[in-house]
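Following: one structure in structure tokens, then a few remarks.
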Amino acid sequence: MIPQIMLSLQPQSPRLMSMADLPTVEHRQLETPHGPAVGAAYEWVGGQYCAIHTHRGVIGCGIYDIDCADEFGMAFAIAKGTPEQPLRQPEDLYYAKIVAVSTSAAALGILVGMTGREALHKMLE
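Okay, here's the thing in structure tokens:
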């Protein structure tokens with residue numbers, strides 16, 4: 080005989096979430112000398128990430144996965160902050176060094192070692 084297990088989906092100590100518990104999310108248009116892009120920033124207690132989205136691909140912080148971008152044929156360039164200087168806002172990516180690029184991003188001329196601003200220029204060409 081197979082034992083039956085009863086699972087309850089009810090929390091042990093109910094707690095109502097408030098808007099203050101939700102992450103802070105910001106999307107805005109970035110005007111650059113090479114064209115517009117969309118900047119995104121997400122922040123919550125204990126973490127954050129940011130990205131710049133273009134019509135050809137994404138420049139993002141180190142939370143993104145290049146292997147996944149390659150699997151889907153997406154142009155991604157990754158910059159990495161540090162715990163002392165995390166990348167919080169899309170503009171922080173302008174000055175950060177690119178540490179990884181997907182195959183599609185490399186085809187656009189984006190190279191490891193470029194600044195995010197240089198990578199953005201290539202994505203907007």
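With the first letter of the sequence shown counted as 1, position 113 gets the number 192 in this note's numbering; the numbers rise by one all the way through.
Cβ coordinates follow ideal geometry from the N, Cα and C atoms, glycine included.
The model shown is predicted, which means the values in this text are computed figures rather than measured ones.
Would you grab the beta carbon distance between residue i and residue j for me? Rounded to a whole angstrom, and I think it's under 8 Å.
i, j, result
"I131", "Y143", "No, I131 and Y143 are not in contact; Cβ-Cβ is about 12 Å, not under 8 Å."
"V137", "F155", "5 Å"
Can you name the residues that DSSP bridges to residue i?
i, result
"Y128", "Y121"
"G160", "In DSSP, G160 forms no bridge with anything."
"E110", "P115"
Buried or exposed, going by whether 16 or more other CB atoms sit within 10 Å of the CB of residue i?
i, result
"T161", "exposed"
"G125", "exposed"
"L101", "exposed"
"A198", "buried"
"V180", "buried"
Does residue i get closer than 8 Å to chain C when you measure Cβ to Cβ?
i, result
"E110", "In the displayed structure, chain C is absent; only one protein chain is listed."
Apart from the five residues just before and just after residue i, which ones in its own chain have a Cβ nearer than 7 Å to its Cβ?
i, result
"Q168", "A120, C129"
- Inspect the CB distances between the segment 144-154 and the segment 99-115 and report whether three or more fall short of 8 Å. no
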